[in-house]
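J.: Before I ask anything, here is the structure I am working with.
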Amino acid sequence: MQQRFKRIAIKVGSNVLTKKDGTLDFTRMSAIVDQISELHKSGVEVVLISSGAVAAGKNKVLADTLDAVSQRQLFSAIGQVKLINRYYMLFRDNGITCGQVLTTKESFHTRQHYLNQRNCMQVMIENGIIPIVNENDTISLTELMFTDNDELSGLVATMIDAQALIILSNIDGIFNGNPADPESQVIRKVLPGERDLSQYLQTSKSSLGRGGMQSKMGIASKVADEGVEVIIANGKRDNIILDLLDDSKDIVCTRFLPDEQVSSVKKWIAHSEGFCKGEIKIDNGAEKAIIADERCSILPIGIKSVSGSFEKGDIVSVVSENGVQIALGKTDYSSAEATEMIGKKGEKPIIHCDYLYVL
Numbered sequence: 001m002q003q004r005f006k007r008i009a010i011k012v013g014s015n016v017l018t019k020k021d022g023t024l025d026f027t028r029m030s031a032i033v034d035q036i037s038e039l040h041k042s043g044v045e046v047v048l049i050s051s052g053a054v055a056a057g058k059n060k061v062l063a064d065t066l067d068a069v070s071q072r073q074l075f076s077a078i079g080q081v082k083l084i085n086r087y088y089m090l091f092r093d094n095g096i097t098c099g100q101v102l103t104t105k106e107s108f109h110t111r112q113h114y115l116n117q118r119n120c121m122q123v124m125i126e127n128g129i130i131p132i133v134n135e136n137d138t139i140s141l142t143e144l145m146f147t148d149n150d151e152l153s154g155l156v157a158t159m160i161d162a163q164a165l166i167i168l169s170n171i172d173g174i175f176n177g178n179p180a181d182p183e184s185q186v187i188r189k190v191l192p193g194e195r196d197l198s199q200y201l202q203t204s205k206s207s208l209g210r211g212g213m214q215s216k217m218g219i220a221s222k223v224a225d226e227g228v229e230v231i232i233a234n235g236k237r238d239n240i241i242l243d244l245l246d247d248s249k250d251i252v253c254t255r256f257l258p259d260e261q262v263s264s265v266k267k268w269i270a271h272s273e274g275f276c277k278g279e280i281k282i283d284n285g286a287e288k289a290i291i292a293d294e295r296c297s298i299l300p301i302g303i304k305s306v307s308g309s310f311e312k313g314d315i316v317s318v319v320s321e322n323g324v325q326i327a328l329g330k331t332d333y334s335s336a337e338a339t340e341m342i343g344k345k346g347e348k349p350i351i352h353c354d355y356l357y358v359l
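Set out below in structure tokens:
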């Protein structure tokens, strides 16, 4: 089968990998591995983002004696071993080696840490090894946590320059109503400029994972706007991965069609909102300029005010005169230096256009 994608990221949710009693569904895992193995052998480079560690490690006896944070740490420590061991054996049976990459939100904070992770996965891919990525739940707590593995999958997909991200859940896609309503239908395509589907979404979340369809919609929109096709589909369906990638088959799913590609560094900046160290307010003229032309930088003459405490190289939020966030950028100056330069002509950019991502 001819593949139009050379490199893809596949995210598998907890509700796909577990049975109703919360234990790992080895049959489903095996089917997913078989499909990924077939893609791998056909020349497609695959990175797998897998949930399921906490679910795999759940223990009712221990759960009754521990607080919620301790439960999560302990269950993930136990479950991650079970999860990756099963993956290792299943891929080995297909003649393929897999490797584990555990990460935290902090690991995406600096450009250097980001590039270190990217290089690790690139080396694995180049040597025929399938990276299996998961959040390190043993140390990722409260504000250090990703919203869910949907957020992580978006970061990984853009980081490795994937052409497509497949998010497998236990539902066929995003519906235009309550999925339980027979009249509701799956929204099949979401075009650039038409990403907001919040009016259709239910607020319920997975009983096992932390995410919901609202989260998937948000991540899919952002990643698609960065040039990656995103597909939300039902991972419980047989042969779903291969069928989704077969253009001759019309599989029910939601596809977010990609916008133009953006640079690797801008992809990193786009997903760094949670790490903003400060805020730069610009005037209306500067706002119009950066929105109209992606080659425009943030110059001191267009800055109204600087707030927060940041150093050169930190991520900052760029807001309009009325306080609306319009961009993210990596600053070339500290907050003290930027403050001194407010309104000055003929100075170098506070944020160069190469490091400015307009929302």
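Just so you know, the working numbering puts 241 at position 241 of the sequence shown, and the rest follows in order with no gaps.
All C-beta atoms, glycine included, are put in the ideal place defined by N, C-alpha and C.
As the structure is a prediction and not an experimental result, all values here were calculated from the model.
1) Measuring only the C-alpha atoms, how far is P349 from Q112?
2) With DSSP collapsed to three states, give me the class of L299.
3) CA-CA distance, D355 and S297?
4) Can you give me the C-alpha to C-alpha distance between A336 and I342, rounded to a whole angstrom?
5) Report the CB separation of I36 from I130 in whole angstroms; it is logged as a contact under 8 Å.
6) Just reading off the alpha helix (DSSP H) that S107 is part of, what are its end residues?
7) Spatial neighbours of Q122 within its chain, please: C-beta separation below 8 Å, excluding the five flanking residues on both sides.
8) What residue range does the beta strand (DSSP E) around L24 cover?
9) How big is the Cα-Cα spacing for Q163 and Q71?
10) Residues in the same chain with beta-carbon distance under 8 Å from I303, minus the five sequence neighbours each way, listed in chain order, please.
11) Can you check whether the C-beta of C253 is within less than 9 Å of a C-beta belonging to chain D?
12) Considering only the beta carbon of each residue, do G79 and N170 sit closer than 9 Å?
13) Hey, quick one: how far does the alpha helix (DSSP H) through Y357 stretch, first residue to last?
14) Please report the straight-line C-alpha distance between S42 and D34, rounded to a whole angstrom.
15) Can you tell me the Cα-Cα spacing of K47 and K330, whole angstroms?
16) Quick check on the burial criterion: 16 or more other C-beta atoms within 10 angstroms. Buried or exposed for I315?
17) Taking the continuous alpha helix (DSSP H) assigned at K216, which residues delimit it?
18) How about S215 and K11: are their beta carbons less than 9 Å apart?
19) Would you decide whether T18 is buried or exposed? Buried here means 16 or more other CB atoms lie within 10 Å of its CB.
20) Taking the runs of the beta strand (DSSP E) that are 3 residues or longer, which of them lie wholly in the segment 139–187?
21) Given a threshold of 16 other Cβ atoms within 10 Å of its Cβ, counted over all protein chains shown, does L208 qualify as buried or as exposed?
22) Examine the Cβ distances between the segment 165–179 and the segment 235–253 and report whether three or more of them are shorter than 8 Å.
23) Among the candidates I231, V262 and G57, whose CA atom is the shortest distance from the CA of L359?
24) Tell me, which residues are paired with I315 by DSSP?
25) Taking the alpha carbon of E273 as the reference point, which residue from M213, K222, I231 and S248 has its own alpha carbon closest?
26) Determine whether the beta carbon atoms of H271 and L155 lie at a separation below 9 Å.
27) Rounded C-beta distance between E229 and P258? I'm assuming under 8 Å.
28) Opposite F256 in the DSSP bridges: which residues?
29) DSSP three-state call for N94: helix, strand or coil?
T.: Taking the definition as stated:
1) 22 Å
2) coil
3) The identity of residue 355 in the sequence shown is Tyr, whereas the question assumes Asp. C-alpha separation (whole angstroms): 9 Å.
4) 10 Å
5) 7 Å
6) Taken as a continuous stretch (DSSP letters only), S107 belongs to no alpha helix (DSSP H), as it is neither H nor E.
7) I160
8) Looking at the DSSP string, L24 is not in any beta strand (DSSP E), and its letter there is neither H nor E.
9) 37 Å
10) I280, K281, I282, D283, A286, A338, M341, I342, G343 and I350
11) Chain labels in this structure do not include chain D; a single protein chain is all it has.
12) no
13) Segment L356 to V358 is the beta strand (DSSP E) holding Y357; no alpha helix (DSSP H) there.
14) 12 Å
15) The residue you asked about is not Lys; residue 47 is Val in the sequence shown. Distance between the alpha carbons of V47 and K330: 28 Å.
16) buried
17) M213 to D225
18) no
19) buried
20) 164–169
21) The predicted model places L208 with a pLDDT of 44, which falls under 50 and marks its position as unreliable; any figure quoted below should be read in that light. Buried is the call here.
22) yes
23) V262
24) K330
25) K222
26) yes
27) 5 Å
28) V190 and V230
29) coil
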